[in-house]
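**Q** With the first letter of the sequence shown counted as 1, position 152 gets the number 151 in numbering that gives the first Met the number 0; the numbers rise by one all the way through. Using N, Cα and C, we set each Cβ at its ideal position, and we do this for glycine too. My structure is below; once you've seen it, I'll send some questions.
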Amino acid sequence: MKIAFVGKGGSGKTTLSSLFIRHLAAAGAPVVAIDADINQHLGAALGLDEAESAGLPAMGEHLPLIKDYLRGSNPRIASAEKMIKTTPPGEGSRLLRVREDNPVYDACARPVELDGGAVRLMVTGPFTDADLGVACYHSKTGAVELCLNHLVDGPDEYVVVDMTAGSDSFASGMFTRFDMTFLVAEPTRKGVSVYRQYKEYARDFGVTLKVVGNKVQGPDDLDFLREQAGDDLLVTVGHSDWVRAMEKGRPPRFDLLEDVNARALRALRTAADETYGSRDWKRYTRQMVEFHQRNARSWGNERTGTDLAAQVDPGFVLGEEVVAPA
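Written out as C-alpha cells, the structure is:
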C-alpha cells in the first residue's frame, strides 16, 4: 500500500508519519519510508541522530543509477539520459518491489532499526548551497516520482511518504501515486484551509483522502474539525507524552504509546488496507501517462531533444502480475 502524509507546515505531519511507520514496523510489516519534504526531518523522527541523518544518501544524487536500472531493456527508451521524472514503465522496464533487494535500494535506502523490526529509509536530500536561487524543490522529488511510477506493492506491504507541506504536492503528478492520502490538520482555520485546497485539487483524480486531526485538546476542537471535514475526518490525535519524549531524543518503547493514540494508528492502517480492494491499475497507469505527456509538452521534449510521448507503451498496464526482466 502506498500512503502519503500531507498537511501544512507545523501540522505534525512528519511526527504522525513517523508514528505510523513505527506502528507498521512493530507489527512486522515490510516498510519503505521516504522523506520527500523540503524540511528533512523524518530520519530524526525515526530516531536517527544528526550525524546519521546527514549521512543518508540523497536520491537525487543517484538519479543516473535509478534511471539506468529502471530503464532495463525497454526498447521505447533510447537511453537513461532521455528519461524524465514522469517516464512511465513499459515492456522491458525493471520494477521495484517492497521486499526485494536491488541496486536502487542499495544506493539510496538505509535500514533504520525500530521496535519490532527495521524499515528502509530513503530521502530526497536537503537543499545545498549550490541549489539556492537556481533550483526548485520539485527537482529534488523527481527521483521519488520516478521510483513510485515503477513500484509494485501488494497487500501488507507499505510505502509511506512524508510529502512536502501544503499544496506544493500538486506541482507534479506524484499526488496521484497513492492508495491513501492522510491529511494532517490542526483545529484552526489555517489548518483546515490546506484540506479544502487538497480536496478541490484532488477531486478529479480519484485521490482517496482522509483527515487526521492533530493537536486536538477538547470537544470544541473535535466539533470544529467535524464541521469542517465532515466524513473525511478519520481520527484525531491529542497530546502525547511519548511524542514529547521522542522529540527530546529519548523515546520509550513503542508499546508504551498512549492507548488512544495507538488506536488511532490502528485505524489509519485499517483505512489504508481497505483501499486495496478498489485498486485500479488501469487508471493508475493512465494518469501516469497523462502527466508524462503533459510534462513532455511543457518542458521535457525541449530539454531532451526528443519526442518523449514515444516512451509510452500503449499496451502496458502496471500491476502486481507484471513480470519484469531480471
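1. Just how far apart, CA to CA, sit L55 and R119?
2. Ordered along the chain, which non-local residues of its own chain (more than five positions away) have a Cβ less than 6 angstroms from that of D36?
3. Which class does G276 belong to by DSSP, given the choice of helix, strand or coil?
4. Rounded C-beta distance between D48 and T123? I'm assuming under 8 angstroms.
5. Buried or exposed: K244, going by 16 or more other Cβ atoms within 10 Å of its Cβ?
6. Compute the Euclidean distance between the alpha carbons of Y136 and L23, then round it to the nearest angstrom.
7. Exposed or buried, E185, counting other C-beta atoms within 10 Å across all chains shown (16 or more means buried)?
8. Is T235 helix, strand or coil when you go by DSSP?
9. Can you give me the C-alpha to C-alpha distance between K12 and H291, rounded to a whole angstrom?
10. Quick one: what's got a C-beta closer than 7 angstroms to T187's C-beta in the same chain, skipping five residues either side?
11. Kindly give me the distance between the Cβ atoms of Y197 and V322, rounded to whole angstroms, as I take these residues to be in contact under 8 angstroms.
12. Should V259 go down as buried or exposed, given a rule of 16 or more other Cβ atoms within 10 Å for buried?
13. I'd like to know if the segment 103-119 and the segment 272-289 are in contact, where contact means that at least 3 CB-CB pairs between them fall below 8 angstroms.
14. Please state the DSSP three-state secondary structure of L256.
15. Looking only at its chain, what residues have a beta carbon closer than 7 angstroms to the beta carbon of F223, apart from the 5 residues adjacent to it on each side?
16. Cutting at 6 angstroms between CB atoms, please list the residues of its own chain near P29, excluding the five before and the five after it.
17. Taking only the alpha-carbon atoms, compute the straight-line gap between P242 and R252 and give it to the nearest angstrom.
18. What residues in its chain sit with their C-beta under 8 angstroms from that of G59, if we drop five residues either side in the sequence?
19. Sort out for me which residues DSSP pairs A184 with in a bridge.
20. Can you tell which of R225, V288 and V210 has its C-alpha closest to the C-alpha of A263?
21. Just tell me which of M173, N213, A53 and D100 has its CA closest to the CA of A201.
22. Do you know offhand how far V191's Cα is from L267's?
23. So S151 and E319 are in contact, right, with Cβ under 8 angstroms, and what is the actual spacing, rounded?
24. I need the DSSP call for R96, collapsed to helix, strand or coil.
25. Can you find the residues in the same chain that come closer than 7 angstroms, C-beta to C-beta, to R346, ignoring five residues on each side of it along the sequence?
26. Give me the Cα-Cα distance between P324 and L255, rounded to the nearest whole angstrom.
**A** Checking against the coordinates, here is how it stands:
1. A straight-line Cα-Cα distance of about 11 angstroms links L55 and R119.
2. The residues are D161 and T163.
3. In this structure, G276 counts as helix in the three-state DSSP scheme.
4. Contact doesn't hold; Cβ gap of about 20 angstroms is too wide.
5. Inspection of the sequence shows that residue 244 is occupied by Ala rather than by Lys. For A244, the number of other beta carbons within 10 angstroms of its own is below 16, and it is reported as exposed.
6. Bear in mind that a pLDDT of 46 at Y136, under 50, signals an unreliable position, so the number given afterwards is only what the model happens to contain. When the Cα atoms are used, Y136 and L23 turn out to be separated by approximately 29 angstroms.
7. Per the 10 Å Cβ criterion, buried.
8. T235 falls in the strand class under three-state DSSP.
9. So the alpha carbons of these two residues sit roughly 28 angstroms apart.
10. No residues qualify anywhere along the chain.
11. Contact flag wrong, Cβ pair sits at about 36 angstroms.
12. Around the C-beta of V259, fewer than 16 other C-beta atoms lie within 10 Å, and the residue is accordingly described as exposed.
13. The segment 103-119 is not in contact with the segment 272-289.
14. If DSSP states are grouped into helix, strand and coil, L256 belongs with coil.
15. Same-chain partners within the cutoff: P186.
16. Once the five neighbours on either side are set aside, the close Cβ partners of P29 are V97, R98 and E156.
17. For the sequence presented, residue 242 should be read as Val rather than Pro. Taking the CA atoms as reference points, V242 sits about 11 angstroms from R252.
18. Correct list, in chain order: T123, G124, S138, K139, G141 and A142.
19. For A184, DSSP records a beta bridge to G212.
20. Taking only the C-alpha atoms, the option nearest A263 is V210.
21. Its Cα nearest to that of A201, the residue M173 stands out among M173, N213, A53 and D100.
22. In this structure, the straight-line span from the alpha carbon of V191 to that of L267 is close to 19 angstroms.
23. Per the sequence shown, the amino acid found at residue 151 is Val instead of Ser. So it is a contact: roughly 6 angstroms between Cβ atoms.
24. Three-state DSSP puts R96 in a strand.
25. Absent from the model: residue 346. The displayed extent of the chain is 0 to 325, so no value can be given.
26. Each residue's alpha carbon lies about 45 angstroms from the other.
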